[in-house]
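**Q** Residue numbers (this note's numbering): 844 to 1226.
1. Three or more beta-carbon pairs under 8 Å between the region 1196-1210 and the region 918-929, yes or no?
2. With a 10 Å radius around its C-beta and 16 neighbouring C-beta atoms as the bar for buried, classify residue 966 as buried or exposed.
3. Sort out for me which residues DSSP pairs residue 1026 with in a bridge.
4. So what's residue 929 in DSSP terms, helix, strand or just coil?
5. Can you tell me which of 1216, 1003, 1157, 1108 puts its alpha carbon nearest to the alpha carbon of residue 854?
6. Could you please give me the residues that DSSP links to residue 1238 through a beta bridge?
7. When you compare the CB positions of residue 1066 and residue 1046, do they come within less than 8 Å of one another, or not?
8. Looking at the structure shown, is residue 962 part of a helix, part of a strand, or coil, going by DSSP?
9. Near residue 803, which residues of its chain fall below 7 Å by C-beta distance, leaving aside the five closest residues on each side in sequence?
10. Here's a check: name, in chain order, each residue in its chain whose Cβ is nearer than 8 Å to the Cβ of residue 1173, leaving out the five neighbours to either side.
11. Using DSSP's beta-bridge definition, name the partner residues of residue 942.
12. Count the other C-beta atoms from every protein chain shown that fall within 10 angstroms of the C-beta of residue 996, then say buried if there are 16 or more, exposed otherwise.
13. Thinking C-beta only, is residue 1052 closer than 8 Å to residue 1094?
14. Could I get the ranges of all uninterrupted alpha helix (DSSP H) runs contained in the region 1055-1129, with 4 residues as the minimum, in chain order?
15. DSSP state of residue 951, grouped into three classes?
16. Per DSSP, what are the beta-bridge partners of residue 1002 in this structure?
17. Between 905, 1185, 1207, which has its C-alpha nearest residue 1000's C-alpha?
18. Quick test of your reading: residue 897 and residue 974, contact by CB under 8 Å. State the CB separation rounded to the nearest angstrom.
19. Examine the Cβ distances between the region 861-873 and the region 950-957 and report whether three or more of them are shorter than 8 Å.
20. Is residue 871 helix, strand or coil by DSSP?
21. Shortest alpha-carbon distance to residue 1016 belongs to which of 1009, 951, 1033, 994?
22. Determine the direct distance from the alpha carbon of residue 886 to that of residue 1125, and round the result to whole angstroms.
23. Is residue 1137 closer than 8 Å to residue 1180 when the C-beta atoms are compared?
24. Measure the C-alpha to C-alpha separation of residue 1178 and residue 1144 and round it to an integer number of angstroms.
What follows is the structure in structure tokens.
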């Protein structure tokens, strides 16, 4: 340090877009080292093991513990609540299988690139979350007539674009208090207590919404009679073309399909190698706008499409569905592409929609595959 820093504004710069020739920055690499995506081969699991589920932490993983942790429910309610974990666990619990995707998934593939966490396509995972329905807690507290939103505060604290803050987001009361939306105050993941990186000891789970809504390390719920205008709601997570544009809020997940890359990879390029003949292509597809109605595969980069077989489990409406397709591989370099369509008619685009934050880029996945009959592995050079 040279002593020239005098305040948060000196260390926390405004959001920006990378220059035409600018590579990924050291700061972005540091973010990528802290946060990790789902290895695409883990799409084989119906339920993602916690260590393979994607992680995004805005600031630090706070030091939390079950002993002494309390959840308060206040604001525009008739009967404020102050609950410890034992009191929460004593209430009727439910378990929901829910797919979570980071709103910035696909950001690094945009041109020009918004400078932030450099996600490719792996920022996703599906877990079974156990907890108390938020609608039941709000009914117990008694929602005042004038309440319009529920504001959720997590324990992670930091600075973003010069603003010191706790991580805080809101939901419209119509979503937060609706039992059919299955919003949970969760204390378990895949049948075990929440891991630290996934919000221990409490987190919010909002089925169908991008991950920014699923507030971790949750300790307070406040009902308000006006819309919440804090940083994470009115500045971050907005779809805007220009810096001064107020933009539209990010909310429901756009449709996306991903495939398990077939064959085996080259270490650096990740280009896949397969042998000629029948190759089973498998993967997952999801959308926050409704069930997946179609998954299509192309081997020529999106010129000709073929329908894949879908398997959707109606017992888990908030989770991704599985898909499968038998592909006949022939020698040569192939550009496998997969896209999803949801029941609302939304189709994955070939080119992602650009915005300054790099949010909701659901452009189709492309996997480069070399089909070769040559079974020789070549000479390894470990020098």
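Ideal placement from N, C-alpha and C gives every residue a C-beta, glycine not left out.
In this text the structure is predicted, and so the values were computed from the model without any measurement.
**A** Put simply:
1. The answer is no - the region 918-929 does not touch the region 1196-1210, with fewer than three Cβ pairs under 8 Å.
2. Position 123 of the chain shown holds residue 966. Buried, since its Cβ has 16 or more Cβ neighbours within 10 Å.
3. Walking along the chain shown from the start, residue 1026 turns up at place 183. In the DSSP output, where bridge partners are listed per residue, residue 1026 has none listed.
4. Walking along the chain shown from the start, residue 929 turns up at place 86. Helix at residue 929.
5. As a position in the chain shown, residue 854 is number 11, starting the count at 1. Looking at the Cα atoms, 1003 is the closest of the given residues.
6. Given that the chain is displayed from residue 844 to residue 1226, the structure contains no residue 1238 and the question cannot be resolved.
7. Residue numbering aside, residue 1066 sits at position 223 when the chain shown is read from its first letter. Residue numbering aside, residue 1046 sits at position 203 when the chain shown is read from its first letter. No. Outside cutoff.
8. As a first step, residue 962 must be located in the chain shown, where it is residue number 119. DSSP places residue 962 in coil when its eight states are reduced to three.
9. Here the chain comprises residues numbered 844 to 1226, so residue 803 is not present and cannot be evaluated.
10. In the chain shown, residue 1173 corresponds to position 330, counting from 1. Excluding residues within five positions, the ones whose Cβ falls inside 8 Å are 1119, 1214.
11. Position 99 of the chain shown holds residue 942. Per DSSP, 969.
12. For this step, residue 996 is matched to residue 153 along the chain shown. Flag for residue 996 reads buried.
13. Indexing the chain shown from 1 puts residue 1094 at position 251. Indexing the chain shown from 1 puts residue 1052 at position 209. Yes, Cβ-Cβ distance for residue 1094 and residue 1052 is below 8 Å.
14. 1074-1077
15. In the chain shown, counting from the first residue as 1, residue 951 sits at position 108. In the structure shown, residue 951 sits in a helix (DSSP, three-state: H, G or I).
16. Walking along the chain shown from the start, residue 1002 turns up at place 159. Answer is 1007.
17. Here residue 1000 corresponds to residue number 157 of the chain shown, with the count starting at 1. The candidate whose alpha carbon is nearest that of residue 1000 is 905.
18. In the chain shown, the residue the question calls residue 897 occupies position 54. In the chain shown, the residue the question calls residue 974 occupies position 131. Rounded to whole angstroms, the Cβ separation of residue 897 and residue 974 is 20 Å, and the two are not in contact under 8 Å.
19. yes
20. As a working note, residue 871 is residue 28 in the chain shown. In this structure, residue 871 counts as helix in the three-state DSSP scheme.
21. As a position in the chain shown, residue 1016 is number 173, starting the count at 1. For the residues 1009, 951, 1033, 994, the minimum Cα distance to residue 1016 belongs to 994.
22. Locating residue 1125 in the chain shown gives position 282, counting from the first residue. Locating residue 886 in the chain shown gives position 43, counting from the first residue. If I take the Cα positions, the gap works out to 8 Å.
23. Stepping through the chain shown from its first residue, residue 1180 is reached at position 337. Stepping through the chain shown from its first residue, residue 1137 is reached at position 294. For residue 1180 and residue 1137, no; Cβs fall outside 8 Å.
24. Sequence index remark: in the chain shown, residue 1178 carries index 335 (1-based). Sequence index remark: in the chain shown, residue 1144 carries index 301 (1-based). Whole-angstrom Cα-Cα distance: 5 Å.
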